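Novice: Can you read through this structure? Questions will come right after.
Residue numbers (the working numbering): 4 to 72.
Take a look at the structure:
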């Protein structure tokens with residue numbers, strides 16, 4: 004009994020930190036730039052996309068003008 008209590012406490016602390024990291028940190032991302040700055044994976048397609056959990060942010064790309072044609 005004396006050995007199990009510290010083990011249970013450590014497991015609960017680790018689980019709590021994991022839940023805090025999973026749900027607390029990622030909710031602050033609201034656009035593509037913040038997603039990239041937070042270190043999330045960027046899909047190298049056109050336009051680039053960044054995923055945070057179940058949210059997907061797309062890079063805003065300005066169209067290139069063809070004034071010479």
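All residues carry an ideal CB built from backbone N, CA and C; glycine is no exception.
Everything numeric in this text was worked out from a predicted model, so none of it was measured.
Which runs of the beta strand (DSSP E) at least 3 residues long sit entirely within the stretch 44-69? Give them in chain order.
Specialist: Given a length threshold of 3 residues, each whole run of the beta strand (DSSP E) inside the stretch 44-69 is given here in chain order: 52-55 and 58-61.
Novice: In angstroms, rounded to a whole number, what distance separates the CA positions of residue 85 and residue 58?
Specialist: Because the chain in this structure spans residues 4 to 72, residue 85 falls outside the shown range and cannot be described.
Novice: Pull up the CB-CB distance for residue 53 and residue 64, whole angstroms please, since I reckon it's below 8 Å.
Specialist: Contact flag wrong, Cβ pair sits at about 14 Å.
Novice: Would you kindly work out how many angstroms separate the C-alpha atoms of residue 34 and residue 40, rounded to a whole number?
Specialist: 10 Å
Novice: Pick helix, strand or coil for residue 7, following the three-state DSSP scheme.
Specialist: helix
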